[in-house]
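In our numbering, the protein residues as written are 3 to 177.
All C-beta atoms, glycine included, are put in the ideal place defined by N, C-alpha and C.
Worksheet for the structure shown next.
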């Protein structure tokens, strides 16, 4: 299906770490989110539907098909960088954070404090953490690569065990 700007196509993707919901509008991916917890997921879906002024339809699209292929490659250790057109739906600050996440190399991690400093606002650690947590395009916009200053795994929409699995996958491929 060709998803226009007023239609948001969504399709479920059964990843090895749990179910993801992929979404596109126009020719851009706007969603790659874990299907639970429900409250977080519903909040993201509402934000996307309102921002796109569109209705959600259960259907695939060309960009979703490409995302599925690239996610399959990622989970099998054959892809380290995604090449998909993205539509980042959020506040200007959230979008700045998400764009900065794209600069964190595969197999690497940064702390929330380091990420805030990279953005030029070291005093905004909590705001950066909140923006990181609101990322609607998990894995592809690698919010899982952000950890606590003490090295602990903290906050992740896909759960801490999933974050650990993703970081382990990435570190095992590059070492």
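Asked	Found
Can you tell me whether residue 162 is helix, strand or coil according to DSSP?	helix
Pick out whichever of 138, 111, 67, 85 has its Cα sitting closest to the Cα of residue 152.	111
Between the C-alpha atoms of residue 98 and residue 119, what's the straight-line distance to the nearest angstrom?	13 Å
Is the region 26 to 37 close to the region 121 to 133, with three or more CB pairs under 8 Å?	no
If you check the beta carbons only, do residue 66 and residue 13 fall under 8 Å apart?	yes
Out of curiosity, what's the CA-to-CA distance linking residue 4 and residue 62?	Low confidence applies here, because residue 4 scores a pLDDT of 48, under 50, leaving its location unreliable and the question unanswered by this model.
Short of 6 Å in beta carbon distance, which residues of its chain neighbour residue 54, apart from the five on each side in sequence? Order them along the chain.	10, 27
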